[in-house]
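Reading through the structure tokens given below for one structure.
2 protein chains.
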Amino acid sequence: MPDSAVILLSGGIDSTTTLAVAVDRGFEVRALTVDYGQRHRIELEAARRTAAAMGVKEHITTALDLRAFGGSSLTADIAVPKNRGEADIGRGIPITYVPARNTILLALALSLAEARGDRQIFIGANVVDYSGYPDCRPEFIAAFAKLANLATKAGVEGCEFTVEAPLIALTKAQIIQLGTRLGVDYSLTHSCYDPTPEGLACGRCDSCLLRRRGFREAGIPDPAVYRPFED
Amino acid sequence: MPDSAVILLSGGIDSTTTLAVAVDRGFEVRALTVDYGQRHRIELEAARRTAAAMGVKEHITTALDLRAFGGSSLTADIAVPKNRGEADIGRGIPITYVPARNTILLALALSLAEARGDRQIFIGANVVDYSGYPDCRPEFIAAFAKLANLATKAGVEGCEFTVEAPLIALTKAQIIQLGTRLGVDYSLTHSCYDPTPEGLACGRCDSCLLRRRGFREAGIPDPAVYRPFED
Chain A
29 MPDSAVILLS GGIDSTTTLA VAVDRGFEVR ALTVDYGQRH RIELEAARRT
79 AAAMGVKEHI TTALDLRAFG GSSLTADIAV PKNRGEADIG RGIPITYVPA
129 RNTILLALAL SLAEARGDRQ IFIGANVVDY SGYPDCRPEF IAAFAKLANL
179 ATKAGVEGCE FTVEAPLIAL TKAQIIQLGT RLGVDYSLTH SCYDPTPEGL
229 ACGRCDSCLL RRRGFREAGI PDPAVYRPFE D
Chain P
29 MPDSAVILLS GGIDSTTTLA VAVDRGFEVR ALTVDYGQRH RIELEAARRT
79 AAAMGVKEHI TTALDLRAFG GSSLTADIAV PKNRGEADIG RGIPITYVPA
129 RNTILLALAL SLAEARGDRQ IFIGANVVDY SGYPDCRPEF IAAFAKLANL
179 ATKAGVEGCE FTVEAPLIAL TKAQIIQLGT RLGVDYSLTH SCYDPTPEGL
229 ACGRCDSCLL RRRGFREAGI PDPAVYRPFE D
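Protein chains in written order, with my numbering: chain A, 29 to 259; chain P, 29 to 259.
Shown next, in the form of structure tokens:
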């Protein structure tokens, strides 16, 4: 029987490519998507589409409303920054940072993994073409893996949890090339932090800018549908 | 202005006493209660009562349904063990363990603390008269504090988060004596894992047994209302 792994799946490029990597490595995949009150809730639909397209064996969407906490332009009524220069993205931590989000997401993935008897957790974190979020760094991932083995019954009983971030050192272009080789259909994914109500991407938030540059550098057409915008 | 701290408040003896300790140390307190689909949801009412009685400045109850994960008699249709001998409680990890619960709770507390600018988190974990849960141990608390400072914008920017578990080395009797000295009204608290629909405590689950023994050893009457039971 193949090993089974929990994947945090947001519906964006990174998590979808991570899912493809896990499938390619022979894992049966359990996807976990968290509806945390994000402004771009439309990504939840993308997660459903990609999970279905890639044949996961279970897809759980858990609701957790972080809007009561606020503190981020993704969960509170704070404008999403637009048209930041490429030099600014990744320098400093922007207002789209959601306090402790990846700690919460990994804690939920750990809970699901332990409840189901899985030992492997995959997360699409990466630190090259990224937004400067502290909870994407390798030292954070390593600290979480250590915590996971102290925190759980399974860990105490000697079944080691591992947390894999296979994209951690890749550029966005390399991620897109990798996913394309693995057959990912990126038209199913969603990246924009600030889409129109109909789901059109803004083209100008950090997430859109990183996506557009990634496809451009990869030499692959970006299948996302953008609202009209001027650079 | 007094420092402000986030307290994880379940409505039981330990978290309520921890709240009293934080108030006694001069903190303004923000209480966080998590409705995770626990069988004993009536404890949420106890959390509301104790938070109000102790004058917290903010009380947030966040919903997160862990029943979809299952794996515990507190979140799935698995019977709560009754009348376990005192020698058995704390030996091995019982079925009432909720996978990675304290990791999730602390991650949420960290998120709230960072969003509000608080640096101190209190949790009522203790490892003397307890149920053997791995995520109550001092090494887990220390690992989480380390993670918190890697995971967050505030941590990266040099504002250190601390995670305090002031009851960690106390017996249940000592906790009750401490809380009584600090003016805690334990009639407002709820401990039972398996109450009647009306909220009467069963008297026989691990949590009731630890509570009853704690009050007995403290020489203080237990104000909980139990359904009729035989020892």
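Cβ coordinates follow ideal geometry from the N, Cα and C atoms, glycine included. Quick caveat, the model's predicted, so the values are computed rather than measured.
| Item | Value |
| --- | --- |
| Rounded to whole angstroms, how far is the Cβ of Val-108 of chain P from the Cβ of Thr-90 of chain P, which I believe are closer than 8 Å? | About 24 Å separates the two Cβ atoms, so there is no contact after all. |
| Between Ile-22 of chain A and Phe-243 of chain A, which are expected to be in contact by the criterion C-beta below 8 Å, what is the C-beta distance as a whole number of angstroms? | Any property of residue 22 of chain A remains undetermined from this structure, which presents chain A solely from 29 to 259. |
| Alpha carbon to alpha carbon, how far is Ser-32 of chain P from Gln-148 of chain P? | 7 Å |
| Please decide whether Tyr-125 of chain P counts as near chain A, where near means a Cβ-Cβ distance under 8 Å. | yes |
| Would you report the Cα separation of Ala-75 of chain P and Gly-65 of chain P, rounded to the nearest angstrom? | 15 Å |
| Would you kindly work out how many angstroms separate the C-alpha atoms of Thr-45 of chain A and Asp-52 of chain A, rounded to a whole number? | 10 Å |
| Tell me where the beta strand (DSSP E) around Val-191 of chain A begins and ends. | 190-192 |
| Kindly say whether Ala-143 of chain P, judged by its beta-carbon, lies nearer than 8 Å to any beta-carbon of chain A. | yes |
| Give the secondary structure of Ile-196 of chain A by DSSP, where H, G and I count as helix, E and B as strand, and everything else as coil. | coil |
| For Ala-104 of chain A, does the three-state DSSP call read helix, strand or coil? | coil |
| Alpha carbons only, please: which of P:Tyr-158, P:Pro-249 and P:Met-29 is nearest the one belonging to Ala-197 of chain P? | P:Tyr-158 |
| Express the C-alpha separation of Ala-50 of chain P and Leu-92 of chain A in angstroms, rounding to a whole number. | 27 Å |
| Quick one: which residues of the stretch 79-113 of chain A get their C-beta closer than 8 Å to a C-beta of chain P? List them in chain order. | Ile-88, Thr-90, Ala-91, Leu-92, Asp-93, Leu-94, Ala-96, Phe-97, Gly-98, Gly-99 and Ser-100 |
| Applying a beta-carbon distance threshold of less than 9 Å, which residues of chain P neighbour Ser-139 of chain A? | Leu-94, Phe-97, Gly-99, Val-126, Pro-127, Ala-128, Arg-129, Thr-131 and Ile-132 |
| Anything in the stretch 178-203 of chain A with a Cβ closer than 9 Å to a Cβ of chain P? List those residues in chain order, please. | Leu-178, Ala-179, Thr-180, Lys-181, Ala-182, Gly-183, Val-184 and Glu-185 |
| Cutting at 6 Å between CB atoms, please list the residues of its own chain near Tyr-161 of chain P, excluding the five before and the five after it. | Tyr-125 |
| Would Ala-135 of chain A be called buried (16 or more neighbouring beta carbons within 10 Å of its own) or exposed? | buried |
| Under 7 Å Cβ-Cβ, which residues of chain P neighbour Phe-172 of chain A? | Leu-175 |
| Which residues in chain P have a C-beta closer than 8 Å to the C-beta of Ala-168 of chain A? List them in chain order. | Residue identity check: residue 168 of chain A is Phe in the sequence provided, not Ala. Those are Leu-175, Leu-178 and Ala-179, listed as they occur along chain P. |
| State yes or no: is the C-beta of Ser-139 of chain A within less than 8 Å of the C-beta of Leu-60 of chain P? | no |
| Since I believe Gly-231 of chain A is in contact with Phe-257 of chain A (beta carbons under 8 Å), could you give me their beta-carbon distance rounded to a whole number of angstroms? | 4 Å |
| Which residues in the same chain have their Cβ closer than 6 Å to the Cβ of Leu-238 of chain A, if we skip the five residues on either side of it in sequence? | Asp-157 and Lys-200 |
| Determine, for Ile-149 of chain P, whether the minimum Cβ-Cβ distance to residues of chain A falls below 8 Å. | no |
| Flag Leu-136 of chain A as yes if its beta-carbon sits less than 8 Å from any beta-carbon of chain P, otherwise no. | yes |
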